[in-house]
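Notes follow once the structure below has been shown.
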Amino acid sequence: MSILDQLRADYAQFPKNQSYDLYAEDVFFKDPLNQFRGVQRYREMIGFMETYFLEVSMELHQMEQVHQTIHTRWTLRWQAPLPWRPQMAISGTSQLQLNDQGLICTHIDAWDCSRWAVLRQLFGGSTQAGNPL
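Heads up: the sequence shown begins at 428 in our numbering, then just goes up one per residue.
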């Protein structure tokens, strides 16, 4: 199975059963809320989402590979674990850089919205932050 096929499968079952073996041990991860290095920290972040968020899913809209870089466009959806169970969504992109061994050494996510737009969803704002396409 190619790395693109494995990533498609990971998106389809996110956050469960992710292919952490696709990532270099010292992978650099960055998104609007986090920045760290290490596949173990990445695993912990995904585990947090799986444990504390409800009905998490990731819809993949686009994926393409140009040389050693994989670009994806996606929408992440979940239900916040609050008494009124607000539906949340963020659309965005990921840029994954492969090293010489074909492992993901850099994973940078960008959101199509601000962190504040996401927070507003908790209190009856739009049910989706950003435009999925």
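Ideal placement from N, C-alpha and C gives every residue a C-beta, glycine not left out.
Which of helix, strand or coil DSSP assigns to Leu-530: coil
Measuring straight from C-alpha to C-alpha, what distance separates Lys-457 and Pro-510? 30 Å
Pop quiz: Ser-521 and Thr-499 are said to be a contact at Cβ under 8 Å. What is the actual Cβ separation, rounded to whole angstroms? 5 Å
Asn-558 - DSSP class collapsed to helix/strand/coil: Residue placement at Asn-558 cannot be trusted, given a pLDDT of 47 that sits under 50; the coordinates are not used to answer.
Leaving out five residues before and five after Asp-437 in sequence, what residues of the same chain have Cβ atoms less than 7 Å from its Cβ? Gln-445 and Ser-446
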